[in-house]
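Residue numbers (this note's numbering), protein chains in the order written: chain P, 1 to 316; chain X, 1001 to 1330. First the structure, in the form of structure tokens, and then the observations on it.
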Amino acid sequence: MKKVKLTADSLQNLAIFLVLFIIFVIGTIVEPDNFLTGSNISNMMVAASSIIIVASAVTMVLISGNLDLSVGGIGAMSAVLFGLMTKHGVAVPFAIVITVLLGALIGFLTGFIITKFLLPSFLISLAFDYIARGIALIGAHGAVVFDLPNEVTLIGKTINGIPLPTVYALITVIVFIWIQNKTVFAAQAYSIGANEKAAQYSGISRLKVVTIIFTITGALCAFVGVVITSRFFAADSGILKSLGNDCIIAAVLGGTDINGGRGTVLGMLIGAFVVTALTNIMNMQGITIYTQDVVRGIVLILAILMNNVIRSKVKI
Amino acid sequence: MKQKKVLNVSAKKNLILLAILVLMLCFFTAMNHKFISFYNITNLFRQSLPNFMIGCAMTFVISCGYIDLSVGGVMAMCAMFYGYLCIWHVNPWVAFIPVFALGILVGIVNSVLSCNLGIPAIMSTMATWIITSGIAMSVCKAIPITSPLVKPVTVLNSMKIGKVPLALPLCIIVTLVFVFLEKKTIIGKYAIAIGGNEAAARYSGINVTKMRRIFFSLTGLMAAFSGIWQVGRLGSADPTIGTGYEFRVVAACILGGVDIKGGEGTIAGVFTGTAIMVVLINGMLMMGVDSFYQDVATGIVLLAAVMINSMTGNRKATGKVKKSSTSAAS
Chain P
1 MKKVKLTADS
11 LQNLAIFLVL
21 FIIFVIGTIV
31 EPDNFLTGSN
41 ISNMMVAASS
51 IIIVASAVTM
61 VLISGNLDLS
71 VGGIGAMSAV
81 LFGLMTKHGV
91 AVPFAIVITV
101 LLGALIGFLT
111 GFIITKFLLP
121 SFLISLAFDY
131 IARGIALIGA
141 HGAVVFDLPN
151 EVTLIGKTIN
161 GIPLPTVYAL
171 ITVIVFIWIQ
181 NKTVFAAQAY
191 SIGANEKAAQ
201 YSGISRLKVV
211 TIIFTITGAL
221 CAFVGVVITS
231 RFFAADSGIL
241 KSLGNDCIIA
251 AVLGGTDING
261 GRGTVLGMLI
271 GAFVVTALTN
281 IMNMQGITIY
291 TQDVVRGIVL
301 ILAILMNNVI
311 RSKVKI
Chain X
1001 MKQKKVLNVS
1011 AKKNLILLAI
1021 LVLMLCFFTA
1031 MNHKFISFYN
1041 ITNLFRQSLP
1051 NFMIGCAMTF
1061 VISCGYIDLS
1071 VGGVMAMCAM
1081 FYGYLCIWHV
1091 NPWVAFIPVF
1101 ALGILVGIVN
1111 SVLSCNLGIP
1121 AIMSTMATWI
1131 ITSGIAMSVC
1141 KAIPITSPLV
1151 KPVTVLNSMK
1161 IGKVPLALPL
1171 CIIVTLVFVF
1181 LEKKTIIGKY
1191 AIAIGGNEAA
1201 ARYSGINVTK
1211 MRRIFFSLTG
1221 LMAAFSGIWQ
1231 VGRLGSADPT
1241 IGTGYEFRVV
1251 AACILGGVDI
1261 KGGEGTIAGV
1271 FTGTAIMVVL
1281 INGMLMMGVD
1291 SFYQDVATGI
1301 VLLAAVMINS
1311 MTGNRKATGK
1321 VKKSSTSAAS
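Here it is as structure tokens:
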């Protein structure tokens, strides 16, 4: 049985790889001079890294049968809080720790309320998205926090041509692939997503597992907020508006089942590259972010349909 | 027998909700004595008619086991469409018809995606939410339409019957129509039946797909009208008018005792839930809370309300839900 499941997942990965290839071909055709240049690829790597870091955790959220729409808000809140703290003289490493802990706290609250009060995950995370985004707007007075100390730029620097965000993304992905394949925790997350009742009867605590997943997600969102602040050298309250959608699309493109119980971090990685390359091409074509949203929605629908077709062709 | 028990639970829940509502009214009146004035109460209905209208339709969608997150986007897109129709010199009253058609069309698209193509409703409507709000923003490049050609529709907002603004009777009529649909036609009964046990509903000859198409279309229609209503209130077609509605409407439904998994929910409960929410938002406005703080406060208080509601509901309902699900299985 395990072998058959492997084939379904690998077929999925193959299909999504094909999609990535097609998008690269399209990119090269429409932008022959700019798309496959070193600087653009490096740009894409940086853009992809924030999606990859958060989507690794979001994949786990989806696998456990939940939905997290709060990632963008938490990221923006963390960026602003981090900016304000460093601006007022808090040491940068200390500020990072506090910000990540605050992100984790919001994630914890989200997960705890969802599981303790048996409320729908999308609603609670949406509430926290509005709350966190509101805090970001209050902190930055609806604008951007400037005049940060110079040490802030160190977090997201490019060293020897390798952008640090990419390194963070690589580490995150490796850790999550390890979690997914080697730990009991991931197995519990899968079983909760696949059959909640069965998981409950076999003694798995949904409260514990889902809360931990949401806490990790919150912490990673906060970290991404910090990294982006470092890259911009300013804390913007309006950042990461489409991060939540991008993460879900990346995960779904990578074969994660939106009903839970299925999905791989590896697939998500390729999905994240597809999303980034697509956004990059649209940016180069001068397509507004609003029209990009329309495309995002359509890609989401197509991705789910692709998954459904593959699932129906390859029986478990 | 069973019917009576379920009624009791929902009646108890409604009583608790009413108590919360009264407490909140007292609190806000204590904070600002103008709160309970005739002007503010009627104004409150003017502001929150969309919440009530979409909430009523959403009750059916959620109690049949699905959800519609696209309402905010549909509102915005329909408002922009209406604005453009006015600019193109279509009679502002005739323009209602194509806008309604657009709302219903989105509802049908939602139902096709989720019923026929097998995409979970939460995902398909999230996709249509992103798409519709994206369209609304991109057609006008995020600049509202403020042409005087849009102005005639503001009559809806300013019109008064005697001393009462149109919004109040409109709100009552729409709610009564939905209560009629719920109690006296098959629509309400089928919604609960489908949400309670889809397979059983299918086997007893209910056309599940068709019913869901009706529910989604109703929600789309209500969202379209809400979009036009907001245009009338603001005097301009603004692509951001729908922001946050998906959250407020669904939260109001859950507050009003609709089971998010389907199979339970009443229009009366949702009406009370919506009232609590709009009183909350309006009360904070009257207290002069800064708009940034307002978002945060609304989010937190709504979360608290939903949590309290789920606590009181669960304690009473767990036993009964289990009982009814076993009886449905047998």
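A virtual CB, placed ideally from N, CA and C, is assigned to each residue, including glycine.
* So, are the CB atoms of serine 1138(X) and threonine 288(P) less than 9 Å apart? -> Position 138 of the second sequence, counted from the start, is the residue given in the question as residue 1138(X). Position 288 of the first sequence, counted from the start, is the residue given in the question as residue 288(P). It is a contact, given that the beta carbons lie within the stated cut-off.
* lysine 157(P) - DSSP class collapsed to helix/strand/coil -> Position 157 of the first sequence, counting from 1, holds the residue named residue 157(P). Three-state DSSP puts lysine 157(P) in coil, outside helix and strand.
* **Helix, strand or coil at lysine 1002(X) according to DSSP, with G and I counted as helix** => As a first step, residue 1002(X) is located in the second sequence; it is residue number 2 there, counting from the start. Confidence in lysine 1002(X) is poor, its pLDDT being 48 and thus under 50, which makes the residue's placement too unreliable to answer from.
* Pairwise C-alpha distance: glycine 1107(X) and histidine 141(P) -> For the purposes of this step, residue 141(P) is taken as residue 141 along the first sequence, with counting starting at 1. For the purposes of this step, residue 1107(X) is taken as residue 107 along the second sequence, with counting starting at 1. Those two C-alpha atoms are separated by around 38 Å.
* To do: Express the C-alpha separation of serine 1063(X) and glutamate 1264(X) in angstroms, rounding to a whole number.
  => As a working note, residue 1264(X) is residue 264 in the second sequence. As a working note, residue 1063(X) is residue 63 in the second sequence. Using only the alpha carbons, I get a separation of about 6 Å.
* Tell me whether aspartate 236(P) sits in a helix, a strand or coil according to DSSP, three-state version. => Taking the first residue of the first sequence as position 1, residue 236(P) is located at position 236. If DSSP states are grouped into helix, strand and coil, aspartate 236(P) belongs with the strands.
* Asked: Candidates Met1031(X), Asn1207(X), Met1058(X) and Lys1012(X): which alpha carbon is nearest leucine 1221(X)'s?
  -> Walking along the second sequence from the start, residue 1221(X) turns up at place 221. Closest by alpha carbon: Met1058(X).
* Mind checking leucine 1023(X): buried by the 16 CB within 10 Å criterion, or exposed? -> Along the second sequence, one-based indexing puts residue 1023(X) at 23. When all chains shown are included, leucine 1023(X) counts as exposed.
* Asked: Just the Cα atoms here: how many angstroms apart are alanine 1344(X) and valine 1270(X)?
  -> Because chain X in this structure spans residues 1001 to 1330, residue 1344(X) falls outside the shown range and cannot be described.
* Can you tell me whether serine 1111(X) is buried or exposed, with buried defined as 16 or more other CB within 10 angstroms of its CB? -> Working through the second sequence from its first residue, we reach residue 1111(X) at position 111. So serine 1111(X) ends up on the buried side.
* Asked: What residue does the alpha helix (DSSP H) around cysteine 247(P) start on, and which one ends it?
  -> Here residue 247(P) refers to the residue found at position 247 when the first sequence is read from its first residue. That run of the alpha helix (DSSP H) goes 243-253.
* To do: Taking only beta-carbon positions, decide if isoleucine 1108(X) is within less than 9 Å of chain P.
  => Against the second sequence, residue 1108(X) aligns to sequence position 108. So no, isoleucine 1108(X) is outside the interface.
* valine 100(P) to valine 167(P) span [Cα, whole Å] -> Here residue 100(P) corresponds to residue number 100 of the first sequence, with the count starting at 1. Here residue 167(P) corresponds to residue number 167 of the first sequence, with the count starting at 1. Cα to Cα, valine 100(P) sits roughly 18 Å from valine 167(P).
* Proximity winner among Ala55(P), Leu62(P), Ser78(P) and Ser64(P), relative to valine 173(P) (alpha-carbon distances) -> Within the first sequence, residue 173(P) is the residue found at index 173, counting from 1. Minimum Cα distance to valine 173(P) is reached at Ala55(P).
* To do: Could you confirm whether any beta carbon from chain X is found closer than 9 Å to the beta carbon of proline 163(P)?
  => Walking along the first sequence from the start, residue 163(P) turns up at place 163. So no, proline 163(P) is outside the interface.
* Asked: So, is the C-beta of glutamine 285(P) closer than 9 Å to a C-beta in chain X?
  -> Start at 1 with the first residue of the first sequence, and residue 285(P) comes out as number 285. No, because no Cβ of chain X sits closer than 9 Å to the Cβ of glutamine 285(P).
* With a cut-off of 8 Å on the beta carbons, I'd call proline 1152(X) and threonine 1042(X) a contact; round off their distance for me. => Taking the second sequence and counting its residues from 1, one reaches residue 1152(X) at position 152. Taking the second sequence and counting its residues from 1, one reaches residue 1042(X) at position 42. Rounded, the Cβ-Cβ distance is 22 Å, inconsistent with contact.
* Asked: Looking only at its own chain, which residues have a Cβ that is under 6 Å from the Cβ of isoleucine 179(P), when we skip the five neighbours before and after it?
  -> Translated into positions along the first sequence, residue 179(P) becomes position 179. Same-chain partners within the cutoff: Ala186.
* **Inter-residue spacing [alpha-carbon to alpha-carbon] between threonine 264(P) and isoleucine 138(P)** => Counting from one through the first sequence, the residue named residue 264(P) turns up at place 264. Counting from one through the first sequence, the residue named residue 138(P) turns up at place 138. When rounded, the distance between both Cα atoms is 38 Å.
* Along the alpha helix (DSSP H) that carries tryptophan 1129(X), what are the first and last residues, could you check? => If you number the second sequence from 1, residue 1129(X) lands on position 129. 1121-1139 is the span of the alpha helix (DSSP H), which, as asked, contains tryptophan 1129(X).
* Asked: What separation, rounded to the nearest whole angstrom, lies between the Cα atoms of isoleucine 114(P) and isoleucine 228(P)?
  -> For the purposes of this step, residue 114(P) is identified with residue 114 of the first sequence, where counting begins at 1. For the purposes of this step, residue 228(P) is identified with residue 228 of the first sequence, where counting begins at 1. Rounded to the nearest angstrom, the two C-alpha atoms are 29 Å apart.
* Cβ of phenylalanine 24(P) within 9 Å of Cβ of phenylalanine 108(P)? -> Sequence index remark: in the first sequence, residue 24(P) carries index 24 (1-based). Sequence index remark: in the first sequence, residue 108(P) carries index 108 (1-based). Result no, Cβ atoms of phenylalanine 24(P) and phenylalanine 108(P) do not sit closer than 9 Å.
* To do: Pick helix, strand or coil for valine 145(P), following the three-state DSSP scheme.
  => Position 145 of the first sequence holds residue 145(P). Correct three-state label for valine 145(P): strand.
* Asked: Got a sec? Which residues, its chain only, sit under 6 Å from alanine 1167(X) by beta carbon, not counting five neighbours each side?
  -> Mapped onto the second sequence, residue 1167(X) falls at position 167. Around alanine 1167(X): Phe1045, Arg1046 and Leu1049.
* Cβ of glutamine 292(P) within 9 Å of any chain X Cβ -> Position 292 of the first sequence holds residue 292(P). By this cut-off, glutamine 292(P) is an interface position.
* To do: Give me the Cβ distance between phenylalanine 17(P) and isoleucine 270(P), rounded to the nearest whole Å; I'm assuming they're in contact under 8 Å.
  => Locating residue 17(P) in the first sequence gives position 17, counting from the first residue. Locating residue 270(P) in the first sequence gives position 270, counting from the first residue. Indeed they touch by this definition, with Cβ atoms about 6 Å apart.
* Ordered along the chain, which non-local residues of its own chain (more than five positions away) have a Cβ less than 8 Å from that of asparagine 1040(X)? -> Locating residue 1040(X) in the second sequence gives position 40, where the first residue counts as 1. If we look at asparagine 1040(X) and ignore the five residues flanking it on each side, its Cβ neighbours are Lys1034, Asn1282 and Met1286.
* **leucine 1025(X) to alanine 1275(X) span [Cα, whole Å]** => Here residue 1025(X) corresponds to residue number 25 of the second sequence, with the count starting at 1. Here residue 1275(X) corresponds to residue number 275 of the second sequence, with the count starting at 1. The straight-line gap from Cα to Cα measures roughly 10 Å.
* Find the residues of chain X that neighbour alanine 47(P), judging by a C-beta separation of less than 9 Å, and give them in chain order. => Within the first sequence, the letter at position 47 stands for residue 47(P). Those do not exist, as alanine 47(P) stays about 19 Å from chain X at its closest Cβ, beyond 9 Å.
* Does the distance from the CB of aspartate 293(P) to the CB of isoleucine 1122(X) come in under 9 Å? -> Along the first sequence, read from residue 1 onward, the residue named residue 293(P) stands at position 293. Along the second sequence, read from residue 1 onward, the residue named residue 1122(X) stands at position 122. Not a contact, by the Cβ cut-off of 9 Å.
* If we call anything under 9 Å between Cβ atoms a contact, is valine 1231(X) one with glycine 1055(X)? -> For this step, residue 1231(X) is matched to residue 231 along the second sequence. For this step, residue 1055(X) is matched to residue 55 along the second sequence. Cβ distance not < 9 Å, so valine 1231(X) and glycine 1055(X) don't count as in contact.
* To do: Using a Cβ-Cβ cut-off of less than 7 Å, list which residues of the region 132-155 of chain P approach chain X; keep chain order.
  => Gly134, Ile135, Leu137, Ile138 and Gly142
* Just grab the DSSP bridge partners of lysine 313(P) for me. => Position 313 of the first sequence, counting from 1, holds the residue named residue 313(P). Answer by DSSP bridge pairing: none, since lysine 313(P) is not bridged.
* If you run the structure through DSSP and keep just helix, strand and coil, what is lysine 1160(X)? -> As a first step, residue 1160(X) must be located in the second sequence, where it is residue number 160. Lysine 1160(X) falls in the strand class under three-state DSSP.
* Asked: Which chain P residues sit within Cβ distance under 8 Å of lysine 1141(X)?
  -> Your numbering for residue 1141(X) matches position 141 in the second sequence. Within 8 Å Cβ-Cβ: Thr288 and Tyr290.
* Using three-state DSSP, classify proline 317(P) as helix, strand or coil. => For chain P, the structure presents residues 1 to 316; residue 317(P) sits outside this window and is missing.
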